[in-house]
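Residue numbers -20 to -1, 1 to 108, in mature numbering (1 follows the signal peptide of the UniProt record, and there is no 0), belong to the letters of the sequence shown in order.
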Amino acid sequence: MESNVPLLLLVICSLNMVEAQLKLYNMRASKLPTNIFSTTDGYVKVICGSAVLGKTAVRNNDPNPWWEEEFTYFQAQENDVLKLEVYDSDILFDDLLGVCQRQIKVGTYTHDCYLDKGGTLHYTYTLG
C-alpha cells in the first residue's frame, strides 16, 4: 500500500504559497520637504517582492500631494515585502526622500510611513 504522505505534504505546501491580489491605493503625502529654491515635485515608485509595479505621476510644487493611481498585482503572496520609494523629481537626478517597507498580510490596512528626509507617506492596501 502506497503512502499518501508525499501528496499531503504537497497540498499543505501549496496552500501556504497561494497567490493573491494586492491592491495599493489612496496614496498621499504630507509635509514633504521644501527649500528656498523649490517645493517638492513628488512621486512614488511601487515594488512588491521582486516585481516593479510602476510609479505615480509627478505632483509638481506640492508638499502635500495626493496620487490617484492604484496599483494591482495578481501574484502577491502574504509576507511579500511591499516597498514604496518616495522621490523628489529634479532635472539632473531625482532625490530619494524615503523608503517605506512592510510585509503584507491578508486584509485591508492603512499605514503612515515617516520619510527619512521629512514628511509622511500615507497609503492603503488590500491583499485578498
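Virtual Cβ for every residue (Gly too), placed ideally from N, Cα, C.
Inter-residue spacing [alpha-carbon to alpha-carbon] between Ala(-1) and Asp60: 11 Å
Three CB pairs or more closer than 8 Å across the region 48 to 68 and the region 22 to 40: yes
Sub-7 Å separation of Met7 and Tyr94 beta-carbons: no
For Tyr67 and Lys3, believed in contact at Cβ under 8 Å, the rounded distance: That belief does not hold up - the Cβ atoms of Lys3 and Tyr67 are roughly 22 Å apart, past 8 Å.
Short Cβ contact (7 Å threshold) for Ser10 with Asn44: yes
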